[in-house]
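> One structure is given below, represented as structure tokens, and several questions about it will come after.
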Amino acid sequence: MPGRVYWALHGHRWVKAKARRLVLRLNINTLDKEDAQQLEANAIGQVELVLQEAIPAAPFTQARQLGSLILVDTASNATAGAALVN
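So, in structure tokens, the structure goes:
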């Protein structure tokens, strides 16, 4: 996961995003925060993204439209995940 490049859809705008590092994975059974090297399908985690261009963003809790992204795999064009700005 770290180092991979995705398309990020923010509103109606597409920008390239690179996963800088995986900070943690949330264990949904215990709600513990765990170290992780990758996220499996449907996993919840915290990831640092670097965007190719600046976007108008705000924490999701303050502005839903500005605080959410859809991540798309650049090779397959399949949805890779959703992201919430913290």
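Residue 46 in UniProt numbering sits at position 46 of the sequence shown, and the numbers go up by one each step.
Ideal placement from N, C-alpha and C gives every residue a C-beta, glycine not left out.
What you are looking at is a predicted structure, and each value in this text was computed from that prediction instead of being measured.
Put residue 96 into one of helix, strand or coil per three-state DSSP.
Because the chain here runs from 1 to 86, residue 96 falls outside it and cannot be looked at.
> Can you give the Cα-Cα distance for residue 84 and residue 59, rounded to whole angstroms?
Sequence index remark: in the sequence shown, residue 84 carries index 84 (1-based). Sequence index remark: in the sequence shown, residue 59 carries index 59 (1-based). Each residue's alpha carbon lies about 7 Å from the other.
> Within the chosen definition, does the stretch 15-27 reach the stretch 42-55 through at least 3 CB pairs nearer than 8 Å?
Yes: the two stretches touch, three or more of their Cβ pairs being nearer than 8 Å.
> I'd like to confirm the pairing. Which residues does DSSP put opposite residue 132 in its beta bridges?
Lying before the first or after the last residue shown, residue 132 is absent from the chain, which here runs from 1 to 86.
> Pull up the CB-CB distance for residue 45 and residue 25, whole angstroms please, since I reckon it's below 8 Å.
Mapped onto the sequence shown, residue 45 falls at position 45. Mapped onto the sequence shown, residue 25 falls at position 25. Contact flag correct, Cβ pair sits at about 4 Å.
> Keeping to the same chain, check which residues put their C-beta closer than 8 Å to that of residue 38; ignore five residues upstream and five downstream.
If you number the sequence shown from 1, residue 38 lands on position 38. So the list reads 1, 22, once near-sequence residues are dropped.
> Considering only their Cβ atoms, is the gap separating residue 6 from residue 80 smaller than 7 Å?
Mapped onto the sequence shown, residue 80 falls at position 80. Mapped onto the sequence shown, residue 6 falls at position 6. In this structure, residue 6 lies closer than 7 Å to residue 80 by Cβ.
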